[in-house]
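J.: Chains as they are written, first to last, in the working numbering: chain W, 252 to 545; chain R, 13 to 370; chain S, 78 to 366. C-beta: ideal position from N, C-alpha, C; glycine also. None of these values were measured; they are calculated from a predicted model.
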Amino acid sequence: MQELVRALDLRPRRTWRGTKNMIMTVLLGGSVVVVAVPLVLVMVSVFAKGGSILFAHFPKFLTADIPPTRVAGPGMGPAIVGTLMITGMATLIAVPLGVMGAIYLHEYGGQSKFARLVRFMAMVMTGVPSIVMGLFIYVVWTLNFKLQGFGGALALACLMLPIVINASEQMLKLVPHSLREASYALGATKARTVLTIVLPAASSGIVSGSLLAVARAAGETAPLLFTIGATRVLNTSLFHGDDTALSARIFENAKEAVANAQERGWGAALALVLLTFTLTVIARVITAFATRRK
Amino acid sequence: MKTWIAILASSTALFAASCKKGDDAGNAKMTEGKGAAKAEPTTGPVSLSASGSTFQKAFQEVAMDSFMKSHPDIKLTYGGGGSGKGRQDLADMVVDFAGSDSKFKDEDKAKIKGGDILYFPVVLGAVTVSYNVDGADKLNLSPDTLAKIFQGDITKWNDPAIVADNKDAKLPADAIVVAHRADGSGTTDIFTKYLDAASGGAWKLKSGSTVDWPKNTQAGQGNGGVAQIVSSTKGAIGYVDLSDAKAAKLHYANIKNKNGKFIEPTSESTSAAGEGIDVKDDLTFSAVDAKGDAAYPIAGQSWIIVYAKQADPKKGAALKQYLTYLLGDAQKDLPGLDFAPLPKSLQDKAVAQLAKIQ
Amino acid sequence: MTGKPDLRGKGQLADKAFGGLAVGAAALVLLILALIAVTMTNRARPVLGHMGLDFFTSSTWSEHDNIFGALPFIWGTVYTAVIAVTLAVPVSLGVALFITQIAPVWLKRPLVYLIDLLAVVPSVVFGLWGVLMLAPHLNRSFLTAGIILAIMIVPIITSLAREVIETTAQADKEAAYALGATRWEMIMAAVIPHSKGGLVGAVMLGLGRAMGETIAAALVIGSSAQIALSPFKSGDSMPAVIANQWGEASDLQKSALIGLAVTLFVMTIVVNLIANRIVQRSMQKSRGA
């Protein structure tokens, strides 16, 4: 018996196929590393260089006016307020409109020709480059109303609208139809049903989807370049005078050769990254919370 | 239902609040880059807006800061954007005064809407040839070599023409990347006028605020933009005013002047170039390729251009005050910013011209 | 809500109003897109009248001579996007395959978060890093811009690829293993053929996004109006030109820049339409199977 086993030698062998498998596995794992490398490099730069001005001069960096290019020192207050106000206004415009649009698509339109067209166009709209949105608002708004923060808000709202519509429609789809039917059976109108039953059920998904859209809008630069102008001092009005925002400011400072301005650019980048990360994390937490509850 | 009403109410309140607030926030602030906001004439305080040359921008920022401290009811803004933009904004009457390193072209004079204009020289400054090459701390460059580099005839740093003037330097075989201005620039005008005058026919691309540069060159916005290309690109060379070049910590070359000496751009060598200038009646002149052993050959200048007839007397008065300051006390700040003050005779002529502003 | 509420009249009005609002909001999408097409084309007319079709074929762009030829920028846009996709696709595909086929369960979530993190970083931050950290070493060129764009489109391609790959029938995978395939062979035999269509669509979506990206390109592409084949040369792309030249542009130049925007608009929409069609078709096919 033992001679037979030895003669047959049934041990698993290293084959070319096996080696190939191992190589490919390593390569695939390597691609994860390749993706991680730039992310790590960028984050390290942002936190190290930005942190040195943001944390060292906390909270002055967040509140002081922006110094002239050559002057050393912290100060991004106007840009932070600008980003918050402009993005906030854009959210106030885009989210209600987007949710209403999604409500139409799912609750009223269904698969009608018009609804299918709108859905298709919303998908097309997500692919419109942000610079085109910025120029569009320049042509229809800024030329009539001059440079102001509100123009930027409009441009960002145009960017956010299709995203909010898509995300909200997905959330509305998840609400079980039985809830709606129960409401109709009790005599409620469609509007009442949507407002009091469907929306609350879909709310966590809609909120988290909207937060992601807000995070995306806060980081956009191109739409603001043509619509808000530029200023280094705090402007608390969205309707009068030039405004500035973190993204626009980072772009300006990235084009400077003076170390002081570049340093402020990194600090602004850190502030912006922290803002977008926070919004994203909150969105994810809301989603996780909601799914856990279900 | 109630929550929706609450949300609606609070957002309307936010809307209304942001509409009302900041009525004065829009008026004249220190703006930079694009979009110099039009200043609205007010009864009490006065606002003046300007745009244009980035050559004198650093000076304007400092001068406006100190002037506003001593005259709290006058607000000033300087938008930059290049001499071309400044002239266009002034012609369209979008700003109250413009900074420009070059005159209006004859064909553009018809577009000037507000009547006669006056040129007030305010600074002299050096245009450096800045570069980014390993192994060359201080390069000597002659005008014909410069012309050939910037028009693309010389393409490598170890070209014999460059090596001839720099026996000590170890120049690599790297490609030269030429950086120039994308916007309409008085600095370009000064630099190309110099190449026209001094290169002995080697420069073929003519002079002006914009030039048809070879296609493989890189363009930057403003003096700061060119400075940034040079500082972040290996093998780059570009023309940047001294003030911006120093702020960006660039290396710049010594240029061979008319008397054959290689001169470093400094406030002193610029003043030396300013000595022999031939000033026309309208106070325009050119300081490039000046005579004199110590004169830096690519010396430039910048003017403030205003309308002789001022529609608003309050603005006209404020303008005169600011110009008096620029031509007087502010001149002392110039060497510290790496510019050169005006020669006394020119200064006097400019102050005398102030009377022409009505 | 029980009892006998008389919901006629008042209730009906509010209901109709709500429905109307909803329709209006949805119609806004159509309105905005139509307005974009109309107003921007209108603003681009002066330059098209001045240049005619030369706007698209001339390679000279000189504001000083009032000649505006968009060809170098169309080239730059397409070329950098192609470089970006060439760099991003192998990596994205690799990551998607790794996450779906190789990673143990506890690793999947963190990896997905890693990709999401990459997606959340604003493009201007990548641009800042590119111009201050990358450009001093690589100089500004099509390649440098392509690298930054690649980093930015990896999350898009990866997440779509993941979705498509995960629709591979478990039965097909098990069949491959039953026949003695190694994991890699199973991927090649079951996953890839099934996902091919969707993957192509994902790649095209990435292409569309790379074409429209403004800031990163504007900072590191080099701003040279040249059509060059070498990726190490500097160039320019349509959105970068618009962003960089807008501030000091004359009226005719602004019209030319808007013309560029319209060209970019049309090109990205076409790419996105094709991409979405391909993705939808492949999703339908897999559902059918």
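Rounded to the nearest angstrom, what separates Thr-15 of chain R and Leu-446 of chain W at their Cα positions?
T.: Working through the second sequence from its first residue, we reach residue 15 of chain R at position 3. Working through the first sequence from its first residue, we reach residue 446 of chain W at position 195. Note that Thr-15 of chain R scores 42 on pLDDT, short of 50, meaning its location in the model is unreliable and no value can be drawn from it.
J.: Express the C-alpha separation of Ile-346 of chain S and Gly-126 of chain S in angstroms, rounding to a whole number.
T.: Position 49 of the third sequence holds residue 126 of chain S. Position 269 of the third sequence holds residue 346 of chain S. Each residue's Cα considered, the two are about 24 Å apart.
J.: Which same chain residues end up closer than 6 Å to Thr-137 of chain S when comparing Cβ atoms and leaving out the 5 residues on each side of it in sequence?
T.: Along the third sequence, read from residue 1 onward, the residue named residue 137 of chain S stands at position 60. Around Thr-137 of chain S: Ile-144 and Gly-146.
J.: Go ahead and pull the three-state DSSP assignment for Thr-345 of chain S.
T.: Here residue 345 of chain S corresponds to residue number 268 of the third sequence, with the count starting at 1. Residue state, collapsed to three classes: helix.
J.: Can you pull the DSSP bridge partners for Asp-253 of chain R?
T.: Taking the second sequence and counting its residues from 1, one reaches residue 253 of chain R at position 241. Paired residue(s): R:Val-139.
J.: Does the distance from the CB of Ala-505 of chain W to the CB of Gly-204 of chain S come in under 8 Å?
T.: The residue given as residue 505 of chain W occupies position 254 in the first sequence. The residue given as residue 204 of chain S occupies position 127 in the third sequence. Yes.
J.: Could you check which residue in R:Ala-329, R:Val-141 and R:Asp-324 has the C-alpha nearest to that of Lys-258 of chain R?
T.: Residue numbering aside, residue 258 of chain R sits at position 246 when the second sequence is read from its first letter. The option with the nearest alpha carbon to Lys-258 of chain R is R:Val-141.
J.: Can you name, in chain order, every residue of its own chain whose Cβ lies under 7 Å from the Cβ of Ser-298 of chain R, other than the five neighbours on each side?
T.: Taking the first residue of the second sequence as position 1, residue 298 of chain R is located at position 286. Correct list, in chain order: Lys-205.
J.: Looking at the secondary structure, which residues open and close the alpha helix (DSSP H) in which Leu-220 of chain S lies?
T.: Position 143 of the third sequence, counting from 1, holds the residue named residue 220 of chain S. Counting along the chain, the alpha helix (DSSP H) containing Leu-220 of chain S begins and ends at 219–243.
J.: So, using beta-carbon positions, are Ala-373 of chain W and Ile-388 of chain W closer together than 8 Å?
T.: Stepping through the first sequence from its first residue, residue 373 of chain W is reached at position 122. Stepping through the first sequence from its first residue, residue 388 of chain W is reached at position 137. Not closer than 8 Å, so no.
J.: Does Leu-394 of chain W pass the burial test, meaning 16 or more other C-beta atoms within 10 Å, or should it be called exposed?
T.: Sequence index remark: in the first sequence, residue 394 of chain W carries index 143 (1-based). Under this definition Leu-394 of chain W is an exposed residue.
J.: Going along the region 310–332 of chain S in order, which residues come within less than 8 Å of chain R, judged by CB to CB distance?
T.: Lys-310, Ser-311, Asn-321, Gln-322, Trp-323, Gly-324, Glu-325 and Ser-327
J.: Could one say the Cβ of Gly-236 of chain R lies closer than 8 Å to chain W's Cβ atoms, at least one of them?
T.: As a working note, residue 236 of chain R is residue 224 in the second sequence. Chain W, which has a Cβ nearer than 8 Å to the Cβ of Gly-236 of chain R, makes this yes.
J.: List the residues that DSSP assigns as beta-bridge partners of Ile-129 of chain R.
T.: Position 117 of the second sequence, counted from the start, is the residue given in the question as residue 129 of chain R. Note: Ile-129 of chain R sits in a beta bridge opposite R:Tyr-319.
J.: State the DSSP-derived secondary structure class of Arg-193 of chain R, mapped to helix, strand or coil.
T.: Here residue 193 of chain R refers to the residue found at position 181 when the second sequence is read from its first residue. In the structure shown, Arg-193 of chain R sits in a strand (DSSP, three-state: E or B).
J.: Could you give the C-beta distance for Met-422 of chain W and Gly-470 of chain W, rounded to a whole number, given that I count them as a contact under 8 Å?
T.: For the purposes of this step, residue 422 of chain W is taken as residue 171 along the first sequence, with counting starting at 1. For the purposes of this step, residue 470 of chain W is taken as residue 219 along the first sequence, with counting starting at 1. Met-422 of chain W to Gly-470 of chain W, Cβ: 23 Å. No contact.
J.: Taking the DSSP output, what are the residues bridged to Ser-557 of chain W?
T.: With chain W covering 252 to 545 only, the question about residue 557 of chain W has no answer from this structure.
J.: Given this structure, state the Cα-to-Cα distance separating Thr-531 of chain W from Ile-233 of chain S, to the nearest angstrom.
T.: Within the first sequence, residue 531 of chain W is the residue found at index 280, counting from 1. Within the third sequence, residue 233 of chain S is the residue found at index 156, counting from 1. Their backbone Cα atoms lie some 16 Å apart in a straight line.
J.: Spatial neighbours of Val-350 of chain W within its chain, please: CB distance less than 7 Å, with the 5 preceding and 5 following residues excluded, ordered by chain position.
T.: Working through the first sequence from its first residue, we reach residue 350 of chain W at position 99. The answer, listed in chain order, is Val-415, Ser-419 and Ile-457.
J.: Excluding the 5 residues flanking Ala-311 of chain R on each side, which residues of the same chain have their C-beta closer than 7 Å to its C-beta?
T.: Taking the second sequence and counting its residues from 1, the one referred to as residue 311 of chain R is at position 299. Correct list, in chain order: Leu-136, Ala-138, Thr-282, Ala-285, Gly-286, Ala-299, Val-300 and Ala-302.
J.: Can you list the residues of chain R that Pro-310 of chain W reaches, using a CB-CB cut of under 9 Å?
T.: Locating residue 310 of chain W in the first sequence gives position 59, where the first residue counts as 1. In chain order: nothing, as chain R lies at least about 22 Å away.
J.: Of all Cβ atoms in chain W, is any one closer than 8 Å to the Cβ of Cys-31 of chain R?
T.: Residue numbering aside, residue 31 of chain R sits at position 19 when the second sequence is read from its first letter. For Cys-31 of chain R, the predicted structure reports a pLDDT of 44, less than 50, and the residue's modelled location is therefore unreliable. The matter cannot be settled from this model.
J.: State buried or exposed for Ser-272 of chain S, treating a residue as buried only when at least 16 other CB atoms are found within 10 Å of its CB.
T.: For the purposes of this step, residue 272 of chain S is identified with residue 195 of the third sequence, where counting begins at 1. Under this definition Ser-272 of chain S is a buried residue.
J.: Between Ser-359 of chain S and Thr-440 of chain W, what straight-line distance do the alpha-carbon atoms span, to the nearest angstrom?
T.: The sequence position of residue 359 of chain S within the third sequence is 282, counting from 1. The sequence position of residue 440 of chain W within the first sequence is 189, counting from 1. Cα to Cα, the separation comes out at about 40 Å.
J.: Closer than 9 Å by beta-carbon distance: list the chain W residues that pair up with Arg-260 of chain S, in chain order.
T.: For the purposes of this step, residue 260 of chain S is identified with residue 183 of the third sequence, where counting begins at 1. Chain-order list of chain W residues neighbouring Arg-260 of chain S: Asn-272, Met-275 and Thr-276, by C-beta distance under 9 Å.
J.: Sorted by chain position, which residues of the same chain lie with C-beta nearer than 7 Å to Ser-327 of chain S's C-beta, five sequence neighbours on each side aside?
T.: What you label residue 327 of chain S is simply residue 250 of the third sequence in a count that begins at 1. Closer than 7 Å at the Cβ level, and outside the excluded window around Ser-327 of chain S, lie Glu-140.
J.: Quick one, are the C-beta atoms of Leu-284 of chain S and Val-172 of chain S less than 8 Å apart?
T.: Taking the third sequence and counting its residues from 1, the one referred to as residue 284 of chain S is at position 207. Taking the third sequence and counting its residues from 1, the one referred to as residue 172 of chain S is at position 95. The answer is no: Cβ separation not under 8 Å.
J.: Could you tell me the boundaries of the beta strand (DSSP E) in which Lys-87 of chain R lies?
T.: Here residue 87 of chain R refers to the residue found at position 75 when the second sequence is read from its first residue. Unbroken beta strand (DSSP E) run through Lys-87 of chain R: 86–93.
J.: Nearest-angstrom Cα distance between Ser-300 of chain S and Gly-312 of chain S?
T.: Start at 1 with the first residue of the third sequence, and residue 300 of chain S comes out as number 223. Start at 1 with the first residue of the third sequence, and residue 312 of chain S comes out as number 235. About 5 Å.
J.: Alpha carbon to alpha carbon, what distance is there between Arg-500 of chain W and Ile-537 of chain W?
T.: Looking up residue 537 of chain W in the first sequence gives position 286. Looking up residue 500 of chain W in the first sequence gives position 249. Near 31 Å, if we compare the C-alpha coordinates of Arg-500 of chain W and Ile-537 of chain W.
J.: Any chance the region 344–362 of chain W sits against the region 95–104 of chain S, with 3 or more Cβ pairs inside 8 Å?
T.: Judged by Cβ distances under 8 Å, the region 344–362 of chain W makes contact with the region 95–104 of chain S, as three or more pairs qualify.
J.: Spell out whether any CB of chain S is found under 8 Å from the CB atom of Ser-244 of chain R.
T.: The residue labelled residue 244 of chain R in the question sits at position 232 within the second sequence. Interface residue (Cβ-Cβ distance to chain S less than 8 Å): Ser-244 of chain R is classified as such.
J.: Would Ser-359 of chain S pass as an interface residue toward chain W - the criterion being a Cβ-Cβ separation below 8 Å?
T.: For the purposes of this step, residue 359 of chain S is taken as residue 282 along the third sequence, with counting starting at 1. Taking Cβ atoms only, chain W never reaches closer than 8 Å to Ser-359 of chain S, which makes this a no.
J.: How about Ala-508 of chain W: is its C-beta nearer than 8 Å to some C-beta of chain R?
T.: The residue you call residue 508 of chain W lines up with position 257 of the first sequence. Taking Cβ atoms only, chain R reaches closer than 8 Å to Ala-508 of chain W, which makes this a yes.
J.: Please specify which runs of the alpha helix (DSSP H), each continuous and at least 4 residues long, are wholly inside the region 268–354 of chain S, giving them in chain order.
T.: 269–289, 292–297 and 315–322
J.: Using a Cβ-Cβ distance under 8 Å, would Arg-321 of chain W count as near chain R?
T.: Position 70 of the first sequence, counting from 1, holds the residue named residue 321 of chain W. Answer yes: the Cβ-Cβ gap between Arg-321 of chain W and chain R drops below 8 Å somewhere.
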